[in-house]
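Enquirer: First the structure, which I've put down as structure tokens, then a few questions once you've had a look.
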Amino acid sequence: MKPESILNLIFWFQNNRTDHFFRTHRNVYATWISEIALQQTRLAAALPPLQKFLDCFPDLQSLAVANEEQVVQCWQGLGYYNRARNLHKAARYITENHSGSFPNSVEELKKVPGIGDYTAAAIASIHFNVKVPVIDGNVKRIFSRLHRLDYNPAPEKLRDILTHIINHVQEPGEFNEAIMEFGQKICLPSSPACPSCFLQEECIAFRENVTAAFPPKIKKEKTAVAWDIYLFTRDKSHIGIIRIPEDFPFLRGHMGFPGYLTIKDNTFSIGIDMDVQPKAKLSGNFKHTIMHYLISASVFVVPADSLSTLPDEILFIPIAQLGATFPSSFMLKAAAFLN
DNA sequence: AAATCGGGGGC
DNA sequence: GCCCCAGATTT
Ligand code: SF4
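Taking the numbering used here, I'd label the letters of the first sequence as residues 5 to 343.
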């Protein structure tokens, strides 16, 4: 990147930045939570649940004293629930090892559960003025096009280039935010706004008219799977739920409905013994995607007293409590069939 | 180095 | 419907 382009980028950012709620009154706690929430998640999708999470846990102490299940529940709608579990661990880790205030070096930040290269660089540069570059999806995409190279995974050479740039910048945090917001608003993942881009001249992919081919896209196989869900009702007001076991492919440890998932020839069960599979009438179907799994879900409503046996660990709760008990969107979609 | 781990906005 | 995102951790 030419020195002039770096200045243009910062100037563009100063005039076009969006003042999101999580960074208007800057504090390191809110930055941390928002950076974690935005991992692999588009801004528009993350904002409402992020606002809810910050309302629920406004500071490090409130997060540290909560229990893990509450924290995961408040992560509702964001997915990748280990991020929530790590937030909770991290709050306790910082409380115990750093007297409740964030460490200010990349090295120490990376020891915090859930904080890796990217998040450590973001926090260190934005809040402690450390000259360290962030390397996220935006940065890799932008430089992949500028250089017409595949930067995924990011080679050491890219880090060197960025480190050199940021060493010549006054405010590293501002530069890091600038390049990410440039990626989010101008050098978009698809259909980048090249006609209005101030980096055109030095952008090799643009000059060679191959921006659509960079970064190279990797397409991954999708797998169609079937998931049968059983809604065991009691007294028309209560519903049977159970903890999803640790050997399940996803949503492990969440509360959910009993059922079983079939992936190719493998069956994963949640509380259901296949041999005593209840006779039930199909109440409806829905589709949902988790990772590369295309799930066709079938929902069966079964009055619990019509069955001779039930899973031992099943718990009956008021239907109205489901929204505060299920973190996952998948189970909440199934719950909608109770109406 | 490669697999794992959710979800929804926007095209 | 499909794509891909302000990644981290485990294997
Ligand atoms: S010219 Fe297009 S592809 Fe190149 S940096 Fe600008 S927006 Fe991105």
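All C-beta atoms in this analysis are idealised placements derived from N, C-alpha and C, irrespective of residue type, glycine included.
The structure presented is a predicted model; accordingly, all values stated were derived computationally and were not measured.
Say whether the stretch 225-245 touches the stretch 257-268, bearing in mind that this needs 3 or more beta-carbon pairs closer than 8 Å, one atom from each stretch.
Expert: These segments touch.
Enquirer: What would DSSP say about Gly1, mapped onto helix, strand or coil?
Expert: Limits of the chain in this structure are 5 at one end and 343 at the other, which puts residue 1 out of reach.
Enquirer: What whole-angstrom Cβ distance do Leu42 and Ala48 have, given they're in contact under 8 Å?
Expert: With a Cβ gap of about 11 Å, Leu42 and Ala48 do not count as contacting.
Enquirer: So, do the stretch 204-221 and the stretch 286-295 have three or more beta carbon pairs nearer to each other than 8 Å?
Expert: As far as the Cβ criterion goes, the stretch 204-221 does not touch the stretch 286-295, which means the pair count is below three.
Enquirer: Assuming Arg4 and Ala125 form a contact by the criterion Cβ under 8 Å, report the distance between their Cβ atoms to the nearest whole angstrom.
Expert: This structure leaves residue 4 out entirely; the chain is present only between 5 and 343.
Enquirer: Which term fits Pro322, buried or exposed, when burial requires 16 or more other beta carbons within 10 angstroms of its beta carbon?
Expert: Exposed, by the Cβ-count rule.
Enquirer: Does DSSP put Thr237 in a helix, a strand or coil?
Expert: Here Thr237 sits in strand by DSSP.
Enquirer: Just verifying my parser: in three-state terms, what is the DSSP assignment at Trp231?
Expert: Reduced to three states, the DSSP call for Trp231 is strand.
Enquirer: Could you tell me whether the Cβ atoms of Ser66 and Glu206 are closer together than 8 Å?
Expert: No; because the gap between Cβ atoms is not below 8 Å, this pair is not in contact.
Enquirer: Helix or strand or just coil, what does DSSP make of Leu311?
Expert: Correct three-state label for Leu311: coil.
Enquirer: Whose C-beta lies closer than 8 Å to the C-beta of Ala128 among residues of the same chain, with five residues either side of it excluded?
Expert: For Ala128, where only same-chain residues beyond five positions count, the Cβ hits under 8 Å are Asn108, Ser109, Val110, Leu113, Val134, Val136.
Enquirer: Would you mind sorting Gly327 into buried or exposed? The rule is 16 or more other CB atoms within 10 Å of its CB.
Expert: Burial call: exposed.
Enquirer: Give a single yes or no on whether Ile146 has its beta carbon closer than 7 Å to a heavy atom of the ligand SF4.
Expert: Yes, since a heavy atom of the ligand SF4 falls inside the 7 Å radius drawn around the Cβ of Ile146.
Enquirer: Could you name the residues whose beta carbon sits closer than 7 Å to any heavy atom belonging to the ligand SF4, keeping them in chain order?
Expert: Ordered along the chain, the selected set is Ile146, Arg149, Leu150, Ile190, Cys191, Pro196, Ala197, Cys198, Cys201, Leu203, Gln204, Cys207, Ala209, Phe210, Thr215.
Enquirer: Which residue or residues does DSSP assign as beta-bridge partners of Met259?
Expert: For Met259, which the question treats as bridged, DSSP gives the partners Arg247.
Enquirer: According to the Cβ coordinates, are Gly244 and Phe252 closer than 8 Å?
Expert: For Gly244 and Phe252, no; Cβs fall outside 8 Å.
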